[in-house]
Amino acid sequence: QKEVEQDPGPLSVPEGAIVSLNCTYSNSAFQYFMWYRQYSRKGPELLMYTYSSGNKEDGRFTAQVDKSSKYISLFIRDSQPSDSATYLCAITDSWGKLQFGAGTQVVVTP
Amino acid sequence: DTAVSQTPKYLVTQMGNDKSIKCEQNLGHDTMYWYKQDSKKFLKIMFSYNNKELIINETVPNRFSPKSPDKAHLNLHINSLELGDSAVYFCASSRVRTELGSSLHFGNGTRLTVT
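Residue numbers (our numbering), protein chains in the order written: chain A, 11 to 120; chain B, 814 to 928.
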């Protein structure tokens with residue numbers, strides 16, 4: 011079993027909808043939580059970063075961490091076709107390595 | 814101005830050949846990494862260097878050998894290439910080590926195809 015689980019999708023939504031993505035992780039010692047966005051044929055780029063339970067908002071993006079359930083989420087409001095990409099969760103494990111989820115492919119249709 | 818650049822972008826080669834991928838970062842970061850992304854988009858760490866010192870060496874065939882001549886450069890040499898080595902290889906850097914909470918800056922990848 012992977013330490014970070016993420017549904018690979020694809021997830022198709024109409025423009026303007028809310029996109030909801032999530033990951034679960036296995037070890038409560040994991041401490042830093044990130045979301046990366048990867049466009050086709052590009053490297054991943056950091057989207058959101060948090061280290062505590064609760065919500066963090068940045069424009070149309072909200073990252074949510076629930077340490078008690080070992081569950082993290084990313085919400086994208088008012089989705090745009092330019093949000094079409096693969097979204098990867100990443101969590102720093104107890105050895106300090108960044109463990110990535112499998113990535114969820116999101117397609118926003120106009 | 815590209816922060817993490819790797820060359821070449823594409824690499825097509827035959828089984829048994831030896832090839833190298835180069836990476837350079839101009840962010841002044843201390844730590845650099847090699848990640849492998851397979852066809853299912855799963856990113857897996859291979860190696861990490863901090864100030865030219867190897868700090869992470871995952872279970873990777875010893876045909877893969879990283880080299881860091883200075884903290885701004887990290888190269889990857891692969892001997893005796895096999896079909897299963899086909900993947901996208903990403904170089905990344907971070908300001909400090911990830912166990913201190915640092916995030917990664919990635920290059921745009923090298924697409925390796927072994928025929």
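Idealized CB from N, CA, C, for every residue including glycine.
Contact annotation for Asn839 of chain B against chain A: no contact, minimum CB-CB distance about 15 angstroms [criterion: below 9 angstroms]. In the DSSP assignment, Val75 of chain A falls within the beta strand (DSSP E) that extends over Phe71 to Asp76. For a cut-off of 8 angstroms, the C-beta gap from Pro54 of chain A to Tyr61 of chain A is around 19 angstroms, too long to register as a contact. By the 16-neighbour rule on beta-carbons within 10 angstroms, Val825 of chain B is exposed. The distance from the Cβ of Val817 of chain B to that of Gln850 of chain B is about 15 angstroms, inconsistent with a contact at the 8 angstroms cut-off.
With fewer than 16 other Cβ atoms from the protein chains shown falling within 10 Å of its own Cβ, Met828 of chain B counts as exposed. Among the CB atoms of chain B, one or more fall inside 7 angstroms of the CB of Lys52 of chain A. Taking the C-beta atoms as reference points, Ser916 of chain B is found no nearer than 7 angstroms to Tyr35 of chain A. Within the same chain, Ser861 and Ala905 come within 6 angstroms of Tyr846 of chain B by CB-CB distance, once the 5 residues on both sides are set aside.
Taking Asp883 of chain B as the centre and dropping the five residues before and after it, the same chain places no C-beta closer than 6 angstroms to its C-beta.
Pro120 of chain A carries a coil assignment under DSSP once its states are collapsed to helix, strand and coil. When 9 angstroms is used as the limit between beta carbons, Thr844 of chain B is near no residue of chain A, the shortest such separation being about 11 angstroms. Secondary structure note for Val14 of chain A: its beta strand (DSSP E) is the uninterrupted segment Val14 to Gln16. The residues Ile891, Asn892 and Ser893, in chain order, have a CB closer than 7 angstroms to that of Arg876 of chain B in the same chain once the five nearest residues on each side in sequence are set aside. Between Gly111 of chain A and Gln16 of chain A a beta carbon distance of about 3 angstroms is seen, short of the 8 angstroms cut, so the two are scored as contacting. Listed as beta-bridge partners of Phe40 of chain A by DSSP are no residues whatsoever. Residue environment: Tyr823 of chain B is assigned as exposed (fewer than 16 neighbouring CB atoms within 10 Å of its CB, all protein chains considered). For Gly920 of chain B, the chain A residues whose C-beta falls within less than 8 angstroms of its own C-beta are Gly53, listed in chain order. The Cβ atoms of Ile82 of chain A and Phe43 of chain A lie closer than 7 angstroms to each other. Taking C-beta separations shorter than 6 angstroms and ignoring five residues to either side along the sequence, Thr911 of chain B has no partners in its chain.
For the C-beta of Thr911 of chain B, the chain A residues within less than 7 angstroms are, from N- to C-terminus, Thr102, Gly106, Lys107 and Leu108.
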